[in-house]
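J.: Numbering (my numbering), first residue to last: 1 to 119. Note that CB positions come from ideal geometry on N, CA and C, so glycine has one too. Because the structure is a prediction, the values reported are computed rather than measured.
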């Protein structure tokens, strides 16, 4: 599987806490995910609900609860810990989101993931 690194954007441009979606690759099978900013830290996950396998959000960049203290699936309300990606409430309790490599260099967020989900 070919891996690719992309620039998601500036850390300063994301609300604290807040999220930003990203897509790696193009065509019919891009890899989609999101980063969550919490202070100076970022956490990145594949945009994939562990309960039913569809995207977690309905609205762009909208992955957090109203209190902005957990990741929430828009469909069935499964809630995930921001730092670990573990579901602590809802139908997939105990399962984890798929983490994506992410880091911040010179104030810019980069993620690394597969260039395509096509096998």
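(1) From the DSSP output, in three-state form, read off residue 101 for me.
(2) Buried or exposed for residue 50, please, with buried defined as at least 16 other CB atoms from any protein chain shown within 10 angstroms of its CB.
(3) Can you check which of these residues, 75, 71 and 77, is closest to residue 84 by C-alpha distance?
(4) Quick one: Cα of residue 20 to Cα of residue 35, how far?
(5) What does the alpha-carbon distance come out to for the pair residue 5 and residue 87?
(6) Cα separation between residue 91 and residue 12?
(7) Which one or two residues does DSSP pair with residue 10 in a beta bridge?
(8) Taking the alpha-carbon of residue 22 as reference, which of 62, 40 and 52 has the nearest alpha-carbon?
T.: On the basis of the coordinates in this document:
(1) strand
(2) By the neighbour-count criterion, in which a residue is buried when 16 or more other Cβ atoms sit within 10 angstroms of its Cβ, residue 50 is buried.
(3) 71
(4) 5 Å
(5) 27 Å
(6) 34 Å
(7) 108
(8) 62
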